[in-house]
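If you're matching positions, the sequence shown starts at 3 in the working numbering and goes up one per residue.
Even glycine gets a Cβ: it sits at the ideal position worked out from N, Cα and C.
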Amino acid sequence: MAKIDFNLADRAENIRQPKKQIPVVHFELQDIFNHFNESLKDIDNQSETADILLQEGKDEECQDIWRSQIVFLEGILDFYLHEMSKYALYQMFSGQWNKSKKYFGIKVPMEWVENAYEDLSTKEWFFSFLNQEMSKQVYLSAESMKDQLNLIGIPFNDVMSKAFPKSNGNDSLKYGKTIVREMFDRRNKIVHQNDREHTSANRTSISKDLVTLYRQQIATIVNAIQEIAIDK
3 MAKIDFNLAD RAENIRQPKK QIPVVHFELQ DIFNHFNESL KDIDNQSETA DILLQEGKDE
63 ECQDIWRSQI VFLEGILDFY LHEMSKYALY QMFSGQWNKS KKYFGIKVPM EWVENAYEDL
123 STKEWFFSFL NQEMSKQVYL SAESMKDQLN LIGIPFNDVM SKAFPKSNGN DSLKYGKTIV
183 REMFDRRNKI VHQNDREHTS ANRTSISKDL VTLYRQQIAT IVNAIQEIAI DK
């Protein structure tokens with residue numbers, strides 16, 4: 003019978019296994035807009051199921067679909083902001099767009115600086131850096147959305163003025179902030195509390211009209227951002 007060798011092989015010292023880098027795909031402005039609209043269509047398709055459940059008297063099941071639609075709508079807005087951010091900042095880095103004031107405050111860890119130094123012939127390291135760092139962030143609160151849009155050279159005030167035009171620019175800004183806050187608050191209430199009130203534990207009422215309103219508002223914000231980006 004063959005003997006089994008239980009001796010452990012010596013461990014190689016000071017050898018770091020190379021980290022496998024997954025290429026990050028660059029998308030053009032139209033691609034980014036298409037991704038949003040494709041996702042929007044998927045969410046719209048859920049409305050038919052909700053209508054059927056409502057007709058069958060399954061009110062709670064129907065309302066849960068409406069709640070999920072609100073969460074998904076906020077999700078595709080956040081993803082759009084992530085894709086637009088990577089695009090815009092890379093355009094600045096490559097000299098295609100004017101750099102915003104906040105651009106110069108971006109902090110890059112030394113690990114990424116070393117990666118850049120190893121191959122000076124490409125700027126891909128910066129795009130990969132943006133992809134990794136931004137994947138950790140959420141841009142759905144009014145303040146975080148404002149900061150991010152200002153960073154990428156698409157001023158928050160301009161977006162709100164274009165999306166929700168009023169006779170006074172300050173009114174547009176105030177109205178837009180209120181909308182963004184209300185949508186984010188409701189999204190969080192659904193995700194973290196199952197849409198229940200802290201005071202009574204009762205679930206907050208919801209309607210198809212509210213879903214339609216949020217859909218319209220989110221699409222309006224995205225359209226405004228897209229138009230400003232195209233004009234740059």
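(Q) With DSSP as the reference, identify every bridge partner of Arg198, one or two as the case may be. (A) Bridge partners of Arg198: Arg205.
Q.
So for Val110, helix, strand or coil by DSSP?
A. In this structure, Val110 counts as coil in the three-state DSSP scheme.
Q) For Trp127, which residues of its own chain have a beta-carbon under 8 Å away from its beta-carbon, when the five flanking residues on both sides are left out? A) These residues qualify, in order along the chain: Trp114, Asn117, Ala118, Asp121.
Q: Put Leu240 into one of helix, strand or coil per three-state DSSP.
A: This structure gives no information on residue 240, because the portion of the chain shown stretches from 3 to 234.
Q) Smallest Cα separation from Phe35: which of Phe74, Leu151, Glu63, His84? A) Looking from the CA of Phe35, the closest CA among Phe74, Leu151, Glu63, His84 belongs to His84.
Q. Any chance the stretch 78-95 sits against the stretch 128-138, with 3 or more Cβ pairs inside 8 Å?
A. Contact between the stretch 78-95 and the stretch 128-138 is established, with three or more Cβ pairs separated by less than 8 Å.
Q: Give the range of the alpha helix (DSSP H) segment to which Ile156 is assigned.
A: DSSP places Ile156 outside any alpha helix (DSSP H), giving it a letter other than H or E.
Q: With a cut-off of 8 Å on the beta carbons, I'd call Val193 and Leu79 a contact; round off their distance for me.
A: About 14 Å; that fails the 8 Å criterion.
Q) Which term fits Ile54, buried or exposed, when burial requires 16 or more other beta carbons within 10 angstroms of its beta carbon? A) Exposed, because fewer than 16 other Cβ atoms sit within 10 Å of the Cβ of Ile54.
**Q.** Neighbour-count burial assignment, Val161, 16 or more Cβ in a 10 Å radius
**A.** When all chains shown are included, Val161 counts as buried.
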